[in-house]
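Engineer:
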Amino acid sequence: MITLNTLPGYNAALDPADSTTLGMEAAREVQRFLSCRPDHRQTPLHRLDGLAGELGVAAIFLKDEGLRLGLGSFKALGGSYAVIRLVLEEAGRRLSHPQDIADLNSSQVREIARQMTFGCATDGNHGKSVAMGARMVGARAAIFVHAGVSDERVAAIAACGAEIIRVEGTYDDSVAEAARVCEQNGWSVVSDTSWPGYERIPSLVMQGYTAMLGEVLEALPQRPTHVFVQAGVGGLAAALAGHFAVVFGADRPKLIVVEPARAACIHESARTGRLVKTPHGEPTMMAMLECYEPSLVAWRILSRKADAFMTVDEDDAAATMLRLARPVAPDPAIVAGESGCAGLAGLIRAASDPEGRKMLGLDENARVLAINTETATDKGRYEAIVGMAPEDVAGIA
């Protein structure tokens with residue numbers, strides 16, 4: 008299902024705070040922080056000419072975040088960055104002078120970090136990023152996981168030294184419980200979703216994602232005409248929409264937000280014309296996107312700068328995982344998790360439908376950008392869907 012953006016604020020200017028958070032200067036600052044990490048490597052931007060030929064578009068580019076900072080997901084850029092920023096800000100307050108990335112290993116800053124605990128709810132990847140950031144600076148992490156988070160993903164978070172707190176119910180239930188417990192204990196909540204009165208830290212998380220977008224723009228031979236980007240609460244989609252609006256202005260690419268049909272809170276908000284919380288139903292295999300209420304900050308941006316909203320089914324995601332693992336020549340084999348390929352699944356669904364092509368202007372001149380947001384973060388599930396182990400697919404590439 009595709010819904011064009013007809014909201015009253017569509018194409019309105021970004022809120023000044025969002026322009027600052029997601030602008031070019033902020034992106035350069037994130038890159039500066041990132042360059043100080045010994046495990047930093049730019050992730051590849053693949054050109055999928057075989058798939059482009061099949062779909063009848065000029066070009067498809069896929070940014071592959073499966074190798075990002077050893078985490079296997081773009082989320083490595085958000086939670087860890089926010090934790091580092093918060094530690095340095097707290098150290099600056101206590102020491103009465105600003106602290107920068109080079110000061111992270113000073114004994115004074117390490118002692119301050121040791122006294123701090125960062126908590127968050129997660130579907131898997133964000134919690135691991137927060138835990139990795141906390142371990143890097145010497146702080147504690149308490150990660151709240153709901154019933155739908157697989158044992159393999161929970162174990163990966165615990166391996167980063169985090170305390171795991173299990174919560175009955177959905178992702179939204181874990182968000183509420185994380186906020187309650189963190190306030191009770193005096194811990195800092197590093198959430199990737201926002202609500203009234205809690206916006207700055209989720210904005211820092213989103214700001215961290217702009218490092219990836221800077222890499223994309225450096226590598227692309229031409230400005231894309233379309234971007235298909237997946238969404239849970241909408242943080243990545245909003246970071247992309249906001250940053251590209253600043254960089255390109257009125258000449259920005261057409262942005263299509265893609266969600267699982269079983270958890271499409273942003274699509275439903277666009278359809279009804281107001282931010283809504285959707286009911287919890289049957290779980291989606293796209294577990295990292297299984298969210299039922301948009302982030303307030305993300306919605307503020309997407310309601311203005313997203314051009315269309317669409318949903319994909321479970322079969323779309325599975326077929327796209329398989330298509331990337333066993334590609335059409337000359338495309339490389341790519342390991343994409345269930346949620347990682349959702350944006351590309353949206354492109355394939357839209358381009359395969361004459362009405363969808365017409366609605367979105369997908370013709371032979373279209374140059375499309377999508378993001379593989381995660382690798383096989385649950386290897387057992389990946390092999391069950393694709394029929395190959397992720398390491399075997401990676402070996403083909």
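The sequence shown begins at 8 in my numbering and counts up by one. Beta carbons: idealized from backbone N, C-alpha and C, even for Gly. Keep in mind the model is a prediction, meaning the values are calculated, not measured.
Going by Cα to Cα distance, which pick from Met123, Tyr216 and Ala186 is closest to Val152?
Structural biologist: Residue Ala186 is the option with its Cα nearest to Val152.
Engineer: According to the neighbour-count rule (16 or more other Cβ atoms, all chains shown, within 10 Å of its Cβ), is Asn132 buried or exposed?
Structural biologist: Buried, by the Cβ-count rule.
Engineer: Less than 8 Å between the beta carbons of Phe40 and Tyr88, yes or no?
Structural biologist: Contact flag set, yes.
Engineer: So, with DSSP's three-state summary, where would you put Thr217?
Structural biologist: Thr217: helix per DSSP, three-state reduction.
Engineer: Within the continuous alpha helix (DSSP H) that includes Lys261, where are the two ends?
Structural biologist: From DSSP, Lys261 is part of no alpha helix (DSSP H) but of the beta strand (DSSP E) over Lys261 to Pro267.
Engineer: Below 8 Å, can you find three or more Cβ-Cβ pairs linking the region 52-65 to the region 113-122?
Structural biologist: Touching, no, given that fewer than three Cβ pairs across the two stretches are closer than 8 Å.
Engineer: Please state whether DSSP places Trp194 in a helix, a strand or coil.
Structural biologist: Correct three-state label for Trp194: coil.
Engineer: On the three-state DSSP scale, how would you describe Arg230?
Structural biologist: The answer is coil: DSSP assigns Arg230 none of H, G, I, E or B.
Engineer: Three Cβ pairs or more, each shorter than 8 Å: is that satisfied between the region 319-327 and the region 21-33?
Structural biologist: With the cut-off at 8 Å, the region 319-327 and the region 21-33 do not touch.
Engineer: Could you check what DSSP says for Gln406 in three-state terms: helix, strand or coil?
Structural biologist: With the chain represented from 8 up to 404, any question about residue 406 goes unanswered, as that position is not in the structure.
Engineer: For the alpha helix (DSSP H) that contains Thr285, what are its first and last residues?
Structural biologist: From DSSP, Thr285 is part of no alpha helix (DSSP H); its letter is neither H nor E.
Engineer: Would Pro334 and Glu297 qualify as a contact pair, given that the criterion is a beta-carbon distance under 8 Å?
Structural biologist: No, the pair does not count as a contact, with Cβ atoms beyond the cut-off.
Engineer: Considering Cα atoms alone, identify which of His104, Gly145, Ile273 and Cys127 is closest to Ile91.
Structural biologist: Considering only alpha carbons, the answer is Gly145.
Engineer: Can you tell me which of the three DSSP states Asn12 falls into?
Structural biologist: Asn12 falls in the coil class under three-state DSSP.
Engineer: Excluding five sequence neighbours on each side, which residues of the same chain lie with their C-beta closer than 8 Å to the C-beta of Lys386?
Structural biologist: Glu159, Ala396 and Pro397, listed in sequence order.
Engineer: Where do the N-terminal and C-terminal ends of the alpha helix (DSSP H) with Val37 fall, by residue?
Structural biologist: Element bounds for Val37: Met31 to Ser42.
Engineer: Out of curiosity, what's the CA-to-CA distance linking Leu369 and Val240?
Structural biologist: Answer to the nearest angstrom: the Cα atoms are 26 Å apart.
Engineer: Is the number of C-beta pairs between the region 191-201 and the region 162-177 that are closer than 8 Å three or more?
Structural biologist: No: the two stretches stay apart, fewer than three of their Cβ pairs being nearer than 8 Å.
Engineer: Taking a contact to mean a Cβ-Cβ separation below 8 Å, would you say Met8 touches Met317 in this structure?
Structural biologist: Yes.
Engineer: Taking Ala315 as part of the beta strand (DSSP E), name the residues at either end of that continuous run.
Structural biologist: Segment Ala315 to Val319, the beta strand (DSSP E) holding Ala315.
Engineer: Is the beta carbon of Ala19 sitting closer than 8 Å to the one on Arg281?
Structural biologist: No, these two residues do not count as a Cβ contact at 8 Å.
Engineer: Spatial neighbours of Leu55 within its chain, please: C-beta separation below 7 Å, excluding the five flanking residues on both sides.
Structural biologist: For Leu55, where only same-chain residues beyond five positions count, the Cβ hits under 7 Å are Ile67, Leu69 and Asp338.
Engineer: Residue ranges of each beta strand (DSSP E) run of no fewer than 3 residues wholly in the region 132-202, ordered along the chain?
Structural biologist: Segments of the beta strand (DSSP E) lying fully in the region 132-202: 147-153 and 170-174.
Engineer: Here's the rule: buried if 16 or more other CB atoms are within 10 angstroms of the residue's CB, otherwise exposed. What is Asn372?
Structural biologist: Classification for Asn372: exposed.
Engineer: What's the call for Gln237, buried or exposed, on a 16-neighbour Cβ count within 10 Å?
Structural biologist: Per the 10 Å Cβ criterion, buried.
Engineer: So, Glu275 versus Thr285, is the Cβ gap smaller than 8 Å?
Structural biologist: Cβ distance < 8 Å, so Glu275 and Thr285 count as in contact.
Engineer: For a quick check, are the C-beta atoms of Ala98 and Ile119 less than 8 Å apart?
Structural biologist: Cβ distance < 8 Å, so Ala98 and Ile119 count as in contact.
Engineer: Between which two residues does the beta strand (DSSP E) containing Ala83 stretch?
Structural biologist: Counting along the chain, Ala83 falls outside any beta strand (DSSP E), and DSSP gives it neither H nor E.
Engineer: Quick one: what's got a C-beta closer than 6 Å to Thr50's C-beta in the same chain, skipping five residues either side?
Structural biologist: Closer than 6 Å at the Cβ level, and outside the excluded window around Thr50, lie Asp71, Glu72, Leu74 and Arg75.
Engineer: Note down, one range per segment and in chain order, each beta strand (DSSP E) of at least 3 residues found wholly within the region 336-401.
Structural biologist: For the region 336-401, whole beta strand (DSSP E) runs of length 3 or above, ordered along the chain, are 374-379.
Engineer: May I have the straight-line CA-CA distance separating Ala294 from Val223, to the nearest angstrom?
Structural biologist: Cα to Cα, the separation comes out at about 25 Å.
Engineer: Buried or exposed for Glu96, please, with buried defined as at least 16 other CB atoms from any protein chain shown within 10 angstroms of its CB.
Structural biologist: Looking at its Cβ environment, which holds fewer than 16 other Cβ atoms inside 10 Å, Glu96 is exposed.
Engineer: Cα separation between His233 and Ala226?
Structural biologist: Approximately 16 Å between the Cα atoms of the pair.
Engineer: If you draw a straight line from the C-alpha of Leu247 to the C-alpha of Arg330, how long is it?
Structural biologist: Spanning the two alpha carbons is a distance of roughly 25 Å.
Engineer: Would you tell me roughly how many angstroms separate the C-alpha atoms of Gly85 and Thr217, rounded to the nearest one?
Structural biologist: Using only the alpha carbons, I get a separation of about 9 Å.
Engineer: My understanding is that Ala252 touches Trp194, with C-beta atoms under 8 Å, so please give their C-beta distance in whole angstroms.
Structural biologist: Not confirmed; about 34 Å, so no contact.
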